[in-house]
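Chemist: One structure, as structure tokens, below. Some questions next.
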Amino acid sequence: MKLKFKSLWSWIWFLIGTLYFILPLYATLDFSLRMERDTIGFKAYRVAFADPKFVETFARSNILAVITIIVSIILIVPTAYWVRLRLPQARRIVEFITLLPFVIPAIILVFGMIRVFSTPVRIPFTDIILIQPLTTLIVNKFHLGTYILIVAGYMILALPYMYRAVDTGMRTVDVRTLTEASQSLGANGFTIMWHVILPNIRASLLSGALLTYAIVVGEVVLASFLGLDTFGPYLFLLGQHRAYEPSALTFVAFLLTWAAMGIIQLVSGEQGQTAGAH
Amino acid sequence: MAYLSISNVSKQFGDTTVVDNFNLDIEKGEFVSFLGPSGCGKTTTLRMVAGFEIPTTGQIMLDGSDITDVAPNQRNVGMIFQSYALFPNMTVAQNIAFGLRVRKETDDMVKQRVQEMIALIHLEEHANKYPFQLSGGQQQRVSLARALAIHPQVLLLDEPLSALDAKIRVSLRAEIRSIQKSLGITAIFVTHDQEEALSISDRVVVMNVGEMEQVGTPFEIYNFPKTSFVANFVGSLNTSKATVVDPAGGILDMNGIRVHSESGVQGKKKGDVVMVAIRPERFSFSWEGKKENVTEGTVENITFLGSVVRVQLLIGGIKFNMDTFNRPSLTLPKIGEKCEVTFSSKAVLILDD
Ligand SMILES: Nc1ncnc2c1ncn2[C@@H]1O[C@H](COP(=O)(O)OP(=O)(O)OP(=O)(O)O)[C@@H](O)[C@H]1O
Ligand SMILES: [Mg+2]
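Line by line, the protein sequences give chains G and W. Read in order, the letters of the first sequence are residues 0 to 277 in numbering that gives the first Met the number 0. Read in order, the letters of the second sequence are residues 0 to 352 in numbering that gives the first Met the number 0.
This is the structure in structure tokens:
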């Protein structure tokens, strides 16, 4: 009797929680479908997708996301591997560092970056410039320096998710013992990384990548302060001038994020069952 | 010159010495076990042979060449882990083929060798399964096949059976031993289970806090333990202090009881105090036939342990365990009764310390 009562309460709380998340989403969806008076339709979506500015910024954000993911993986996988294998005593420090982006707001990060990288490096007490500021690095009118800066910033923002995903993956397959087993069979570092470690942390890499994607595509602060036209600032601006289209795009962004989550669930579930069968 | 020779090897982690002056020569085809309690340095010693740890001092020679500082992937050494360490993303066949592929063997050669190995461990129907689809015992057999596929010079096994349940443990250890014998491969087997070590090894190295206590055949280790540590760790044992009465005649005084020992008390003087040990199964009731030593004891407790019955006796104020075979014709004294027990002078071991 008591148990039933308890489970009834859990269900009520669960329902309240669900409503809290679903209602705003439903309202957004409902609103986005009412661009035309008195009918339900996808006009807001058509208009939003037809805007060349949307296509441009969305494509730019996607490219940035892909680059961020690739560079993050290249940096984080060997780092996490090395820490697990050779520097277990450094684990706490590294974990602390990876958590910093949670504590330091993006606005502080971007101001710090601008301060450091948009001023030249001089020889102390002179005006002789040693290194030109990164933000002035422009190739064929393309602001390469600024893009490098924003990718670096995104990597920092995504660091907690990526590092944790990779590290958890490495813990579940016990990379240390697998490495030793491969070494005793004669494998070199490259073979171990490519044929043993990477295939076994595939699911973790994917979940880290998708989380990074979700962060980069919706990011506003870094992009607007570095003056880059990406999807985040575009959506923000659109929200100030238009009514229905931002709702449509927000809903689409939600769907994308959920799809990403779904893929993570699916792949990690499958990994658990088949341990990454070919 | 021995096939594998570990000379004066010590290993320190920071300030702590984990392996202290380890010396062992192993002949080709020999099966040697490292036996000792947790933390005594068995794994560390094995890992130095594998190349995962570099000795702080000392030298390891394998088949005439110095491998002390050679990288693990440059040694031809097979390693078996307690956790199997199979590659989860590869099938049984792919796991076994791994070392051969690394060595860039031809496809035909790899295929043939993998088949041979799968036949050796009797897993023909499981060749295309993934590790998670196999039982622990099957996984460990795959890891054995994977290690043997590359024709290693030495096979190193670090508690390979500890994660398995008792029945499989016994059958798999017999399988490991028979494969090792038929291939004539040199093997080092780490365990903290004395029965395991005694049952499958040619020789056993008993270790205690980084030092070798005794090296010998299972027979020697069990019947002639040199130190009280070995005596206590291997089998169960009764130990007691005794005073030397007559060094030449091997007469000792054990709390007022005269005891005759055949093993050497030569090095000792009259009045020296020594440690003596008697295995429980060396006692018998004197109505079954008297031996050199006869004494009276009080029965404190009787426990049935399946095939043996353990009788706890108080002899001269000291507790002794006596084991006797459990057979239907056995007549036992009652608890609290006095009875006469006997043991031979060979049964009385004098320990070094
Ligand atoms: N990398 C290391 N750094 C510091 N100390 C270590 C290291 N590896 C092992 N030790 C220490 O060395 C000692 C011996 O360890 P080892 O693993 O060789 O013991 P073992 O005999 O295999 O024990 P077990 O039966 O528990 O496996 C232990 O006290 C352990 O804490
Ligand atoms: Mg160990």
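All C-beta atoms, glycine included, are put in the ideal place defined by N, C-alpha and C. It should be emphasised that the depicted structure is a prediction, and the values quoted were computed from it without experimental measurement.
Report all residues for which the CB-ligand distance to some heavy atom of ligand 1 is below 6 angstroms; order them along the chain.
Modeler: My final list is W/F12, W/V17, W/G35, W/S37, W/G38, W/C39, W/G40, W/K41, W/T42, W/T43, W/H191.
Chemist: Since W/T330 and W/V310 should fall inside the 8 angstroms C-beta cutoff, what is the C-beta to C-beta distance between them, to a whole number of angstroms?
Modeler: Numbered from its first residue, the second sequence carries residue 330 of chain W at position 331. Numbered from its first residue, the second sequence carries residue 310 of chain W at position 311. About 12 angstroms separates the two Cβ atoms, so there is no contact after all.
Chemist: Can at least three beta-carbon pairs, one atom from the region 177–186 of chain W and one from the region 22–29 of chain W, be found at a separation below 8 angstroms?
Modeler: With the cut-off at 8 angstroms, the region 177–186 of chain W and the region 22–29 of chain W touch.
Chemist: Restricting to runs no shorter than 4 residues, where is the alpha helix (DSSP H) found entirely within the region 0–69 of chain W?
Modeler: If we require 4 residues or more, the alpha helix (DSSP H) runs fully inside the region 0–69 of chain W come out as 41–49.
Chemist: Fully enclosed by the region 250–285 of chain W, which beta strand (DSSP E) runs are 3 residues long or longer?
Modeler: Those beta strand (DSSP E) runs which fall completely within the region 250–285 of chain W and span 3+ residues are 250–253, 256–259, 272–277.
Chemist: Quick check: is any heavy atom of ligand 2 less than 7 angstroms from the C-beta of W/D157?
Modeler: The residue you call residue 157 of chain W lines up with position 158 of the second sequence. Yes, the Cβ of W/D157 comes within 7 angstroms of a heavy atom of ligand 2.
Chemist: Between the beta-carbon of G/P100 and the beta-carbon of G/P23, is there less than 8 angstroms?
Modeler: Working through the first sequence from its first residue, we reach residue 100 of chain G at position 101. Working through the first sequence from its first residue, we reach residue 23 of chain G at position 24. Not closer than 8 angstroms, so no.
Chemist: Here's the rule I'm using: 16 or more other beta-carbon atoms within 10 Å means buried, otherwise exposed. How should W/P36 be labelled?
Modeler: Taking the first residue of the second sequence as position 1, residue 36 of chain W is located at position 37. Label assigned to W/P36: exposed.
Chemist: Between which two residues does the beta strand (DSSP E) containing W/M78 stretch?
Modeler: The residue you call residue 78 of chain W lines up with position 79 of the second sequence. Unbroken beta strand (DSSP E) run through W/M78: 76–79.
Chemist: Where G/A213 and G/L129 are concerned, what is the direct C-alpha to C-alpha distance, given to the nearest angstrom?
Modeler: Position 214 of the first sequence holds residue 213 of chain G. Position 130 of the first sequence holds residue 129 of chain G. Their Cα atoms are separated by approximately 38 angstroms.
Chemist: Exposed or buried, what is G/G271 when buried is set at 16 or more other beta-carbons lying within 10 Å of its beta-carbon?
Modeler: Here residue 271 of chain G refers to the residue found at position 272 of the first sequence. Below a pLDDT of 50, predicted positions are generally treated as unreliable, and G/G271, at 48, falls in that range; the measurement from the model is reported next regardless. That one is exposed.
Chemist: Return the CA-CA distance between G/T273 and G/W10, expressed in angstroms with no decimal places.
Modeler: Residue 273 of chain G sits at position 274 when you count from the first residue of the first sequence. Residue 10 of chain G sits at position 11 when you count from the first residue of the first sequence. At G/T273, the pLDDT of 45 sits below 50, so the modelled position is not reliable; the number obtained from the coordinates is stated separately. Computed Cα separation, rounded: 33 angstroms.
Chemist: CB-CB under 7 angstroms to G/I75, same chain, minus the five flanking residues each way: which ones, in chain order?
Modeler: Here the question's residue 75 of chain G lines up with position 76 in the first sequence. Closer than 7 angstroms at Cβ, skipping near neighbours: M161, Y162, V165.
Chemist: Residues of chain G with CB under 8 angstroms from W/I149, in chain order?
Modeler: As a first step, residue 149 of chain W must be located in the second sequence, where it is residue number 150. Near W/I149 (Cβ distances below 8 angstroms), the residues of chain G are L184, G185.
Chemist: With three or more beta-carbon pairs closer than 8 angstroms as the criterion, would you say the region 271–287 of chain W touches the region 241–250 of chain W?
Modeler: Yes: at least three Cβ pairs fall under 8 angstroms.
Chemist: Are there 16 or more other CB atoms within 10 angstroms of the CB of W/G77, so buried, or fewer, so exposed?
Modeler: The residue you call residue 77 of chain W lines up with position 78 of the second sequence. It counts as buried.
Chemist: Between the region 79–99 of chain W and chain G, which residues of the former have a C-beta closer than 7 angstroms to a C-beta of the latter?
Modeler: Hits within the stretch, in order: F80, S82, A84, F86, P87, N88, F97, G98.
Chemist: Excluding the 5 residues preceding and the 5 following G/T211 in the sequence, name in chain order all residues of the same chain whose CB lies nearer than 8 angstroms to its CB.
Modeler: On the first sequence, position 212 is the one that residue 211 of chain G refers to. So the list reads A64, T67, I68, S71, Y153, A157, Y160, M161, once near-sequence residues are dropped.
Chemist: Just verifying my parser: in three-state terms, what is the DSSP assignment at W/D164?
Modeler: Reading the second sequence from its first residue, position 165 is the one you call residue 164 of chain W. Note: W/D164 maps to coil in three-state DSSP.
Chemist: Straight-line CA distance for W/Y83 to W/T238?
Modeler: Residue 83 of chain W sits at position 84 when you count from the first residue of the second sequence. Residue 238 of chain W sits at position 239 when you count from the first residue of the second sequence. Their backbone Cα atoms lie some 39 angstroms apart in a straight line.
Chemist: Taking only three categories from DSSP, how would you classify W/Q152?
Modeler: Counted from its first residue, the second sequence places residue 152 of chain W at position 153. The answer is coil: DSSP assigns W/Q152 none of H, G, I, E or B.
Chemist: Check whether the Cβ atoms of G/L237 and G/E244 sit closer than 8 angstroms, and answer yes or no.
Modeler: Locating residue 237 of chain G in the first sequence gives position 238, counting from the first residue. Locating residue 244 of chain G in the first sequence gives position 245, counting from the first residue. Yes, they are a contact pair.
Chemist: Do W/N88 and G/N199 count as a contact pair if the criterion is CB distance below 8 angstroms?
Modeler: Numbered from 1 along the first sequence, position 200 holds the residue referred to as residue 199 of chain G. Numbered from 1 along the second sequence, position 89 holds the residue referred to as residue 88 of chain W. Yes. Within cutoff.
Chemist: Examine the Cβ distances between the region 91–101 of chain W and the region 148–163 of chain W and report whether three or more of them are shorter than 8 angstroms.
Modeler: With a cut-off of 8 angstroms, the region 148–163 of chain W and the region 91–101 of chain W count as touching, because enough Cβ pairs lie within range.
Chemist: Between W/P159 and chain G, is there a C-beta pair that is closer than 8 angstroms?
Modeler: Stepping through the second sequence from its first residue, residue 159 of chain W is reached at position 160. No - not a single Cβ of chain G is within 8 angstroms of the one on W/P159.
Chemist: For a contact defined as C-beta to C-beta under 7 angstroms, what are the partners of G/D173 on chain W?
Modeler: Residue 173 of chain G sits at position 174 when you count from the first residue of the first sequence. Result: S82.
Chemist: Work out the CA separation of G/L133 and G/A26 for me, nearest whole Å.
Modeler: Within the first sequence, numbered from 1, the residue matching residue 26 of chain G stands at position 27. Within the first sequence, numbered from 1, the residue matching residue 133 of chain G stands at position 134. Their Cα atoms are separated by approximately 44 angstroms.
Chemist: Which of the three DSSP states is assigned to W/F233 in this structure?
Modeler: Along the second sequence, one-based indexing puts residue 233 of chain W at 234. Checking the sequence shown, residue 233 of chain W turns out to be Val, not Phe. Of the three classes helix, strand and coil, the one that applies to W/V233 here is coil, per DSSP.
Chemist: What are the complete alpha helix (DSSP H) segments, minimum 4 residues, inside the region 216–257 of chain G?
Modeler: Within the region 216–257 of chain G, the complete alpha helix (DSSP H) runs of at least 4 residues are 220–225, 230–240.
Chemist: What is the DSSP secondary structure of G/T273, counted as helix, strand or coil?
Modeler: By 1-based counting over the first sequence, the position of residue 273 of chain G is 274. Because G/T273 sits at a pLDDT of 45, beneath the cut-off of 50, its placement in the model cannot be relied upon, and the point is left open.
Chemist: Would you verify that the beta carbon of W/R112 is, or is not, closer than 8 angstroms to some beta carbon of chain G?
Modeler: Here residue 112 of chain W corresponds to residue number 113 of the second sequence, with the count starting at 1. Cβ-Cβ to chain G under 8 angstroms: no for W/R112.
Chemist: Quickly, what does DSSP pair W/S239 with across the bridge? List them, please.
Modeler: Within the second sequence, residue 239 of chain W is the residue found at index 240, counting from 1. According to DSSP, which records beta bridges pairwise, W/S239 is partnered with W/V275.
Chemist: Using DSSP with H/G/I as helix, E/B as strand and the rest coil, what is W/M211?
Modeler: For the purposes of this step, residue 211 of chain W is taken as the residue at position 212 of the second sequence. Three-state DSSP puts W/M211 in a strand.
Chemist: Report, in whole angstroms, the separation of the C-beta atoms of W/S142 and W/I79, which I expect to be a contact under 8 angstroms.
Modeler: Taking the second sequence and counting its residues from 1, one reaches residue 142 of chain W at position 143. Taking the second sequence and counting its residues from 1, one reaches residue 79 of chain W at position 80. Yes, they are in contact, since the Cβ atoms of W/S142 and W/I79 sit about 6 angstroms apart, within 8 angstroms.
Chemist: Does DSSP put W/K345 in a helix, a strand or coil?
Modeler: To locate residue 345 of chain W, count along the second sequence from 1; it is residue 346. Helix at W/K345.
Chemist: What did DSSP end up calling G/G144 once you bin it into helix, strand or coil?
Modeler: Walking along the first sequence from the start, residue 144 of chain G turns up at place 145. If DSSP states are grouped into helix, strand and coil, G/G144 belongs with the helices.
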